[in-house]
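Trainee:
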Amino acid sequence: MQRRNFLKKSGLTTVGILSASSLTSCKPDNKAIPATQTVNRPTVICTWNFSNASAKAWEVLKVGGNALDAVEKGVMVEENDVNNQTVGVGGRPDRDGKVTLDACIMDKDGNCGAVLAMQNIANPIAVARKVMEKTPHVMLAGKGAEQFALEEGFKKTDLLTEKSKQEWLEWKKTSNYETPINIENHDTIGMLALDKNGNFAGACTTSGMAYKMAGRVGDSPIIGAGLFVDNEIGAATATGVGEEVVRTVGSFLIVELMRQGKSPQEACEEGVQRILEKNKGRKDFQIGFIAMNKAGETGSYCIHPGFTYRKYNDGGHDNVPSQSFYS
Ligand code: ASP
Numbered sequence: 007m008q009r010r011n012f013l014k015k016s017g018l019t020t021v022g023i024l025s026a027s028s029l030t031s032c033k034p035d036n037k038a039i040p041a042t043q044t045v046n047r048p049t050v051i052c053t054w055n056f057s058n059a060s061a062k063a064w065e066v067l068k069v070g071g072n073a074l075d076a077v078e079k080g081v082m083v084e085e086n087d088v089n090n091q092t093v094g095v096g097g098r099p100d101r102d103g104k105v106t107l108d109a110c111i112m113d114k115d116g117n118c119g120a121v122l123a124m125q126n127i128a129n130p131i132a133v134a135r136k137v138m139e140k141t142p143h144v145m146l147a148g149k150g151a152e153q154f155a156l157e158e159g160f161k162k163t164d165l166l167t168e169k170s171k172q173e174w175l176e177w178k179k180t181s182n183y184e185t186p187i188n189i190e191n192h193d194t195i196g197m198l199a200l201d202k203n204g205n206f207a208g209a210c211t212t213s214g215m216a217y218k219m220a221g222r223v224g225d226s227p228i229i230g231a232g233l234f235v236d237n238e239i240g241a242a243t244a245t246g247v248g249e250e251v252v253r254t255v256g257s258f259l260i261v262e263l264m265r266q267g268k269s270p271q272e273a274c275e276e277g278v279q280r281i282l283e284k285n286k287g288r289k290d291f292q293i294g295f296i297a298m299n300k301a302g303e304t305g306s307y308c309i310h311p312g313f314t315y316r317k318y319n320d321g322g323h324d325n326v327p328s329q330s331f332y333s
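The sequence shown lines up with residues 7 to 333 when you count with our numbering.
(1) Pair every Cβ in the segment 137-144 with every Cβ in the segment 76-83, then say whether three or more of these pairs are closer than 8 Å.
(2) Starting from the Cα of E283, find the closest Cα among E262, G302, E303 and R253 and give me that residue.
(3) Express the C-alpha separation of N203 and K289 in angstroms, rounding to a whole number.
(4) For a quick check, are the C-beta atoms of T245 and G196 less than 8 Å apart?
(5) Round the Cβ separation of A207 and M112 to the nearest angstrom and send it over; I've been treating them as touching at under 8 Å.
(6) Should G232 be listed as close to the ligand ASP, given that the test is whether its C-beta is under 7 Å from any heavy atom?
(7) Could you tell me if T180 is buried or exposed, where buried requires 16 or more neighbouring beta carbons within 10 angstroms of its beta carbon?
(8) Locate the beta strand (DSSP E) running through T245, then write down its first and last residues.
(9) With distances taken from CA atoms, which of T49, L156 and N126 is nearest K136?
(10) Consider the C-beta atom of S269 and the heavy atoms of the ligand ASP; say whether any pair is separated by less than 7 Å.
(11) Does S60 come out as helix, strand or coil in the three-state DSSP assignment?
(12) My guess is that G240 and G224 are in contact by the Cβ rule of under 8 Å, so how many angstroms apart are they, rounded?
(13) Does the structure place the segment 158-178 close enough to the segment 125-132 that three or more beta carbon pairs sit under 8 Å?
(14) Starting from the C-beta of P227, find all residues in its chain whose C-beta is less than 6 Å away, skip the five residues before and the five after it, and write them out in chain order.
(15) Over what stretch of residues does the alpha helix (DSSP H) that includes A273 continue unbroken?
(16) Output the distance between the C-alpha atoms of K171 and N89, rounded to the nearest integer angstrom.
(17) As a quick exercise: from R280, G221 and N237, pick the residue whose alpha carbon is nearest that of L334.
(18) Rounded to whole angstroms, what's the CA-CA distance from R101 to T185? Just pull it up for me.
(19) Please report how far the alpha carbon of E168 lies from the alpha carbon of T92, in whole angstroms.
(20) If you draw a straight line from the alpha carbon of G96 to that of D87, how long is it in whole angstroms?
(21) Check whether the Cβ of G224 sits closer than 7 Å to any heavy atom of the ligand ASP, and report yes or no.
(22) Could you tell me the boundaries of the beta strand (DSSP E) in which L233 lies?
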């Protein structure tokens with residue numbers, strides 16, 4: 007497994023303490039720290055170790071920008087990174103060799119927009135925001151999403167890089183055209199931000215499961231599953247095998263658990279637990295959530311049932327992912 011640890015410090019803050027959380031977990035030599043800490047706002051957290059993305063979001067927040075701009079600009083860093091094979095340009099294709107992207111965005115007022123299985127457009131999160139702001143709809147899929155993006159001035163882009171193409175060709179040689187449930191071929195970026203006015207926004211964007219069936223859509227562009235924001239309570243976003251997150255309406259569940267009084271950490275753990283209960287004995291999948299509440303407390307939890315976790319003296323363990331704080 008190649009989960010990466012994420013510890014970074016910078017002297018950026020003039021507005022409080024920036025929190026960047028990372029779903030690092032799942033690696034035996036991770037140095038975990040206690041998962042629930044309270045921070046001052048504004049705050050931004052994201053899945054995995056996408057530190058360039060959270061740093062970009064922080065550039066917006068630290069000068070008083072709003073959470074919606076922060077999450078859009080933040081996740082676009084990964085969408086534009088051709089070396090990131092799980093988001094945006096350079097993402098791994100479906101089993102027919104086509105890169106199809108999913109994304110959604112949600113603001114403080116419950117407005118939301120999403121694109122599903124969209125091809126040829128490099129920044130699905132920006133298209134999702136346009137869907138939210140300029141159409142009467144919440145979701146546009148496939149050709150319709152692409153057509154809308156082109157009408158909005160987005161450029162047609164070949165999303166399949168040579169690297170991802172060669173890997174796909176290799177996969178085809180031995181795969182028997184069977185989509186793998188591979189815990190390591192999908193790392194969505196989900197990002198949550200709280201701005202200086204105490205308002206939330208969230209964004210989630212992915213190329214989805216590598217070598218998926220044509221037309222497959224996971225949780226990431228589904229409001230309530232891959233992302234949910236409730237400005238009264240908090241926000242949550244997911245990564246991992248999307249089918250399982252959809253089956254539990256995962257991100258909505260986590261926000262509702264926080265509404266009932268659970269901390270973000272407790273809510274993430276219970277959300278994962280619900281999924282485990284539906285998958286007794288299954289070991290081939292990975293699920294992770296991150297969450298933040300109105301107080302700026304954060305939580306994150308990731309599990310891969312086939313993996314034996316190790317505890318640490320400082321209170322964390324491998325499936326309580328580290329949270330790294332900028333200060
Ligand atoms: N949730 C994404 C999907 O199922 C993939 C991931 O986050 O790893 O498409």
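Positions of the beta carbon are idealized from the N, C-alpha and C atoms, including for glycine.
Since the structure is predicted, the reported quantities are computational estimates derived from the model, not experimental observations.
Mentor: Taking the definition as stated:
(1) no
(2) Nearest Cα to E283 within the set E262, G302, E303 and R253: R253.
(3) Rounded to the nearest whole angstrom, the C-alpha separation of K289 and N203 is 43 Å.
(4) yes
(5) 7 Å
(6) Short note on G232: C-beta closer than 7 Å to some heavy atom of the ligand ASP.
(7) exposed
(8) G240 to G246
(9) L156
(10) no
(11) helix
(12) Wrong, their Cβ atoms sit about 23 Å apart, outside the cutoff.
(13) Judged by pairs of C-beta atoms under 8 Å, the segment 125-132 touches the segment 158-178, as three or more such pairs exist.
(14) By the criterion of a C-beta distance shorter than 6 Å, P227 is surrounded in its chain by D108, A109, C110, A120 and L122, once the five residues flanking it on both sides are discounted.
(15) P270 to E283
(16) 13 Å
(17) In the structure displayed, the chain extends from 7 to 333; residue 334 sits before or after that span and is not available.
(18) 7 Å
(19) 15 Å
(20) For G96 and D87, the gap between their C-alpha atoms comes out near 7 Å.
(21) Relative to the ligand ASP, the nearest heavy atom lies less than 7 Å away from the CB of G224.
(22) L233 to D236
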